[in-house]
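Enquirer: Each residue of the sequence shown is one higher than the last, beginning at 730 in the numbering used here. For every residue, glycine included, the Cβ atom is placed at its ideal position computed from N, Cα and C. Before I ask anything, let me first share the structure, which is written out below as structure tokens.
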Amino acid sequence: MKQIFIERQRDLLRIAVRHDKDMKELYIEENDITPSVGEIYIGKVKNIVPGIKSAFIDIGTDKNAYLYMDKKFNNLSIKKGEYILVQILKEGINKKGPKVTNAISIPGKYTVIETLNKNIKFSKKIKDDKFKAIIEEKIKKPKDVGLMIRTNSTETKLEDINLEIDNLYNIYNDICKKGNCKLNPGMVFDNGGTVGKLLRDKLFNKEYKIYVDNKKDYEFIKGFSKDYFLTNSLTYYKEKRNLFDYYGIENEILSLTKYKVFLKCGGYITIDRTEAMYVIDVNTGKNTKFKSMKKTVFTTNMEASEEITKQILLRNLSGIILIDFIDMEDEDEKIKILDKLNEGLKRDKSKTVIYPFTELNLLQIARRRQGKSIYEHIEEPCICCNGNAYMLKFSYVKLLIRNLIMKIEDKRNTDKLYIEIDSRYKKHIENEKKKFIEDINAYDKKVYLKFVEKKNFYDVQSIIFEDDSKSVEKFKFYG
């Protein structure tokens, strides 16, 4: 069974993809003004720096985007003060703004409209010359844009491809009109955002069951399915408890910050973060099933390879990833490890390069950054050790406490709550007392709050008996 869960909260969109109850993909998007890959903006050229072949573009957000200038992008003639359409290629990081391109592309299921050229191109996976000839002869291509023919096009009728091209071209014209009419820099097209991108990638597979807790997303998916004649199972989740909490996904997300990940064979991997890279170490642990040490090492490394690719994708690790496998001398076994890693990262949308084993039996993976890692979404530097360690973000802790309160209310009505929480959050809570109560959805209750010296700890209990109320009276916080 394949499932997609789409949960939208006040300031957060989260999407989880499961195959047979095993989470395969996770997307988290914070509802702020941070531009996302694929969005299209009308921007104003603020400055051109020839030394680094870049133009800096005001797109209406807090950081200017940067545009690489080159003859092949046909953008060497842009001038300071000019308004241009740009598309987000890479999200901003730290003080650096997002990377954009003037080569706009509008993706569909079968084709992609491209504005930098006027040609017809084919996916590298399309090898059928007869199919290519039919497309080039009978495709209805608008004269002022180019087309990329996607692999999915080989599995449908020519009429469906032409219909999609017509729809995408209408979208493109609408973007151009909005760009011409917009007086200030800002977004003119989001392509359905993260939800829209997921639909184009996943929903054409009819095996998926979709669960969504937001009416707007529900109607969007229904409309998308109708446009493409899809028959996926779609459920509008209306229960009181959060969708991710109800289906156990919240605990799976929390586990993605753990330093140690255990393997079915008894071995384990550890994942360390440094400023420059991620370091993954493989250990045999309790894997004692085989009499041969060679067999033990190989089976542990093979299982670790599968788990490592899963963790890279779920945690969205990027940059340099250094893996210290258990030493192997057999070159054939090393090739099998490389094959397993390549197989696991085959569905990765980011550009990823896997390098061969070094003389020290180390293996390096270089993965292009695309979006934030799981750590950036749910952790922040610890306030007690000058940022040398990490703690759960206060916003995420509030979400987890809210989940516990909803779980309690799902079983019984209660108007009194006793909460224990890591003392590192004391300053946060005391500075925004009313907001804290509102964010955990406890404004109609009496709340007793105790700070404890336990790292990343939080707990919520309902107070039912009068004796319990008296015992926690000194911790009365609200109500």
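What is the rounded straight-line gap between the Cα of residue 872 and the Cα of residue 878?
Expert: If you number the sequence shown from 1, residue 872 lands on position 143. If you number the sequence shown from 1, residue 878 lands on position 149. The straight-line gap separating the alpha-carbon atoms of residue 872 and residue 878 is approximately 16 Å.
Enquirer: Based on the DSSP secondary-structure assignment, which residues constitute the bridge partners of residue 1120?
Expert: Position 391 of the sequence shown holds residue 1120. According to DSSP, residue 1120 bridges with 1109.
Enquirer: Looking at C-beta atoms only, is the number of pairs between the stretch 847–866 and the stretch 809–820 that lie closer than 8 Å three or more?
Expert: no
Enquirer: Might you give, ordered along the chain, the residues of its own chain that have their beta carbon closer than 7 Å to the beta carbon of residue 798, omitting 5 neighbours on each side?
Expert: Within the sequence shown, residue 798 is the residue found at index 69, counting from 1. Cβ neighbours of residue 798 beyond the five flanking positions: 782, 783, 784, 804, 805.
Enquirer: Counting only runs of 3+ residues fully inside the stretch 823–910, write out the beta strand (DSSP E) ranges in chain order.
Expert: 828–830, 834–836, 840–843, 849–851, 875–878
Enquirer: Beta-carbon within less than 8 Å of residue 1099's beta-carbon, same chain only, minus the 5 sequence neighbours each way: which residues are those?
Expert: If you number the sequence shown from 1, residue 1099 lands on position 370. Excluding residues within five positions, the ones whose Cβ falls inside 8 Å are 766, 819, 820, 1045, 1047, 1078, 1079.
Enquirer: Run through DSSP, which three-state label would residue 988 get?
Expert: Walking along the sequence shown from the start, residue 988 turns up at place 259. Of the three classes helix, strand and coil, the one that applies to residue 988 here is coil, per DSSP.
Enquirer: Buried or exposed for residue 1085, going by 16 or more other Cβ atoms inside 10 Å?
Expert: Your numbering for residue 1085 matches position 356 in the sequence shown. Under this definition residue 1085 is an exposed residue.
Enquirer: Expressed to the nearest angstrom, what Euclidean distance is found between the alpha-carbon atoms of residue 1103 and residue 906?
Expert: One-based indexing of the sequence shown puts residue 1103 at position 374. One-based indexing of the sequence shown puts residue 906 at position 177. When rounded, the distance between both Cα atoms is 38 Å.
Enquirer: According to DSSP, is residue 946 helix, strand or coil?
Expert: Numbered from its first residue, the sequence shown carries residue 946 at position 217. Helix.
Enquirer: Within 8 Å, do at least three Cβ pairs link the stretch 1057–1069 to the stretch 1003–1021?
Expert: no
Enquirer: Got a sec? Which residues, its chain only, sit under 6 Å from residue 989 by beta carbon, not counting five neighbours each side?
Expert: Here residue 989 refers to the residue found at position 260 when the sequence shown is read from its first residue. Cβ neighbours of residue 989 beyond the five flanking positions: 997, 999.
Enquirer: For the alpha helix (DSSP H) that residue 928 lies in, which residues bound it at each end?
Expert: What you label residue 928 is simply residue 199 of the sequence shown in a count that begins at 1. Its alpha helix (DSSP H) spans residues 922–931.
Enquirer: Using DSSP with H/G/I as helix, E/B as strand and the rest coil, what is residue 1044?
Expert: As a first step, residue 1044 must be located in the sequence shown, where it is residue number 315. DSSP places residue 1044 in helix when its eight states are reduced to three.
Enquirer: So the alpha helix (DSSP H) residue 671 belongs to, where does it begin and stop?
Expert: Residue numbering for the chain in the displayed model covers 730 to 1208; residue 671 lies beyond these limits and cannot be assessed.
Enquirer: CB-CB under 8 Å to residue 889, same chain, minus the five flanking residues each way: which ones, in chain order?
Expert: In the sequence shown, the residue the question calls residue 889 occupies position 160. Taken in chain order, the residues that qualify are 839.
Enquirer: On the three-state DSSP scale, how would you describe residue 913?
Expert: For the purposes of this step, residue 913 is taken as residue 184 along the sequence shown, with counting starting at 1. DSSP places residue 913 in coil when its eight states are reduced to three.
Enquirer: Alpha carbon to alpha carbon, how far is residue 1172 from residue 1166?
Expert: Within the sequence shown, numbered from 1, the residue matching residue 1172 stands at position 443. Within the sequence shown, numbered from 1, the residue matching residue 1166 stands at position 437. Each residue's Cα considered, the two are about 6 Å apart.
Enquirer: Classify residue 982: buried if its beta carbon has 16 or more other beta carbons within 10 angstroms, exposed otherwise.
Expert: Stepping through the sequence shown from its first residue, residue 982 is reached at position 253. Counting other Cβ atoms within 10 Å of its Cβ, residue 982 reaches 16 or more and is therefore classed as buried.
Enquirer: Assuming residue 777 and residue 835 are in contact, meaning their beta carbons sit under 8 Å apart, how far apart are those beta carbons, in whole angstroms?
Expert: Locating residue 777 in the sequence shown gives position 48, counting from the first residue. Locating residue 835 in the sequence shown gives position 106, counting from the first residue. 27 Å between Cβ atoms; not a contact.
Enquirer: So which of 1140, 848, 1002 has the shortest CA-CA distance to residue 968?
Expert: Taking the sequence shown and counting its residues from 1, the one referred to as residue 968 is at position 239. For the residues 1140, 848, 1002, the minimum Cα distance to residue 968 belongs to 1140.
Enquirer: By the three-class DSSP mapping on this structure, what secondary structure does residue 1079 have?
Expert: As a working mapping, residue 1079 is identified with position 350 in the sequence shown. Of the three classes helix, strand and coil, the one that applies to residue 1079 here is coil, per DSSP.
Enquirer: Below 9 Å between beta carbons: does that hold for residue 1051 and residue 985?
Expert: The residue given as residue 1051 occupies position 322 in the sequence shown. The residue given as residue 985 occupies position 256 in the sequence shown. Contact: no.
Enquirer: Apply the 10 Å Cβ neighbour rule to residue 1081 and answer buried if 16 or more other Cβ atoms are within range, or exposed otherwise.
Expert: Here residue 1081 corresponds to residue number 352 of the sequence shown, with the count starting at 1. Residue 1081 comes out buried.
Enquirer: Residues bridged to residue 1092 by DSSP?
Expert: Working through the sequence shown from its first residue, we reach residue 1092 at position 363. Answer by DSSP bridge pairing, in chain order: 1052.
Enquirer: Beta carbon of residue 756, beta carbon of residue 923: below 9 Å?
Expert: One-based indexing of the sequence shown puts residue 756 at position 27. One-based indexing of the sequence shown puts residue 923 at position 194. It is a contact, given that the beta carbons lie within the stated cut-off.
Enquirer: Output the distance between the C-alpha atoms of residue 980 and residue 1041, rounded to the nearest integer angstrom.
Expert: Within the sequence shown, residue 980 is the residue found at index 251, counting from 1. Within the sequence shown, residue 1041 is the residue found at index 312, counting from 1. About 18 Å.
Enquirer: Nearest CA to the CA of residue 1049: which residue from 1001, 1062, 824?
Expert: Residue mapping note: residue 1049 aligns to position 320 of the sequence shown, counting from 1. If we check each option's Cα against that of residue 1049, 1001 comes out closest.
Enquirer: Would you kindly report the start and end of the unbroken alpha helix (DSSP H) that includes residue 749?
Expert: In the sequence shown, the residue the question calls residue 749 occupies position 20. Here residue 749 belongs to no alpha helix (DSSP H), and DSSP marks it neither H nor E.
Enquirer: Taking residue 1071 as part of the beta strand (DSSP E), name the residues at either end of that continuous run.
Expert: Locating residue 1071 in the sequence shown gives position 342, where the first residue counts as 1. Unbroken run through residue 1071 is the alpha helix (DSSP H), 1060–1073; no beta strand (DSSP E).
Enquirer: Please state the DSSP three-state secondary structure of residue 953.
Expert: The sequence position of residue 953 within the sequence shown is 224, counting from 1. Looking at residue 953 - three-state DSSP - the assignment turns out to be helix.
Enquirer: What residue does the beta strand (DSSP E) around residue 1010 start on, and which one ends it?
Expert: Within the sequence shown, the letter at position 281 stands for residue 1010. Unbroken beta strand (DSSP E) run through residue 1010: 1006–1012.
Enquirer: Identify whether residue 784 lies in helix, strand or coil by the three-state DSSP scheme.
Expert: As a working mapping, residue 784 is identified with position 55 in the sequence shown. Reduced to three states, the DSSP call for residue 784 is strand.
Enquirer: Three-state secondary structure (DSSP) at residue 795?
Expert: In the sequence shown, residue 795 corresponds to position 66, counting from 1. It is a strand residue.
Enquirer: Who are the Cβ neighbours of residue 771 in its own chain at under 7 Å, not counting the five residues just before and after it?
Expert: Walking along the sequence shown from the start, residue 771 turns up at place 42. So the qualifying residues of the chain are 812, 814, 908, 911, 914, 915, 917.
Enquirer: Out of 1128, 1106, 1129, which has the shortest C-alpha to C-alpha gap to residue 1119?
Expert: For the purposes of this step, residue 1119 is taken as residue 390 along the sequence shown, with counting starting at 1. Here the closest residue by C-alpha is 1106.
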